[in-house]
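Quick notes on the structure that follows.
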Amino acid sequence: CAGGLSFSELDDHFMLQRKPGHFFAGEMLDWEAPTGGYLLTACFASGVAAGRAALNWLERDVRRNLN
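Each step along the sequence shown adds one to the number in the working numbering, with nothing skipped, and position 66 is 551.
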């Protein structure tokens, strides 16, 4: 049984649509995947994508506050 956030609650960058600035990846997502290498790869890959998106979001926020 899978659990976690539905992909429909996230934007294309793993950010929660109803709470901007909150990013989710890996086991926090609702998906079915076999355990082992596939799941680990998906967790790492979604973590990298969410981390990069969070950094971009923060950089845009800083630029907005400077202007």
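For every residue, glycine included, the Cβ atom is placed at its ideal position computed from N, Cα and C.
Since the model is a prediction, treat every value here as computed from it, not as a measurement.
Selected residue, minimal CA-CA separation from Met500, among Asp546, Trp542 and Asn552: Taking the first residue of the sequence shown as 1, we reach residue 500 at position 15. Shortest Cα-Cα distance from Met500 to any of Asp546, Trp542 and Asn552 involves Trp542.
Which partner residues of Leu490 appear in the DSSP bridge assignment? Residue mapping note: residue 490 aligns to position 5 of the sequence shown, counting from 1. Within the DSSP bridge table, the entry for Leu490 names Leu514 as partners.
Coil, strand or helix - Phe529 by DSSP: As a working mapping, residue 529 is identified with position 44 in the sequence shown. Shown here, Phe529 sits in a helix according to DSSP, grouped into three states.
Residues in its own chain within less than 8 Å of Met513 by CB, not counting five upstream and five downstream? Within the sequence shown, the letter at position 28 stands for residue 513. Excluding sequence neighbours, Met513 sits near Gly489 and Leu490.
Pop quiz: Ser531 and Gly511 are said to be a contact at Cβ under 8 Å. What is the actual Cβ separation, rounded to whole angstroms? For the purposes of this step, residue 531 is taken as residue 46 along the sequence shown, with counting starting at 1. For the purposes of this step, residue 511 is taken as residue 26 along the sequence shown, with counting starting at 1. Indeed, because the Cβ distance is near 6 Å, the residues count as touching under 8 Å.
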